[in-house]
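**Student:**
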Amino acid sequence: MNEYKCSKCKEILPVTDAYFKKESRRKSGYRCTCKLCGYYDDIKYKYKLTKKEYFDIYNKQNGGCALCRKNLYPPNRIIKTNIQIDHNHETGEIRGMLCMNCNVNLGWYLKKKDRIEHYAGKK
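Under the working numbering, the letters of the sequence shown match residues 133 to 255, in that order.
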């Protein structure tokens, strides 16, 4: 089995879909950074969060969802993360980390907040 050194973390990993994303333009057929480093690059690009800031938020929340307190799992080489970065879509401000269920439900609530509050006020 071929091995490849990630250009970011410098870890030597097997060249498989489990560790690297495919990229047809490269000779190896895979990106030069591993999936884990790619995840943190995406977080930095989308939310302007460094890896340290990411884990500061995670630790501040004691590793749990900011709403329901369900355990959150940062990404590693074995499991995919269940962490959703909750942010204000207008300002980009990071509010915290949520599980998928709370993130979806919060988004739904925020879109329908006025209608829900209007309905609840009628009772």
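In this text, a Cβ means the ideal position worked out from N, Cα and C, and glycines have one as well.
Is it a yes or a no for the region 237-250 touching the region 160-180, going by three-plus beta-carbon pairs under 8 Å?
**Tutor:** No contact exists between the region 237-250 and the region 160-180.
**Student:** What does a CB cutoff of less than 8 Å around K153 pick up in its chain, not counting 5 residues either side in sequence?
**Tutor:** The residue given as residue 153 occupies position 21 in the sequence shown. Only residues of its own chain outside the window of five on either side were considered, and among them Y162, R163, K167 and G170 have a CB closer than 8 Å to the CB of K153, listed in chain order.
**Student:** Run through DSSP, which three-state label would C164 get?
**Tutor:** Locating residue 164 in the sequence shown gives position 32, counting from the first residue. Strand at C164.
**Student:** Can you tell me whether DSSP reads N185 as helix, strand or coil?
**Tutor:** As a position in the sequence shown, residue 185 is number 53, starting the count at 1. It should be noted that the sequence gives Glu, not Asn, for residue 185. Three-state DSSP puts E185 in a helix.
**Student:** Nearest to R209 by CA position, among N237, L145 and I226, is which residue?
**Tutor:** Numbered from its first residue, the sequence shown carries residue 209 at position 77. Nearest option by C-alpha distance: L145.
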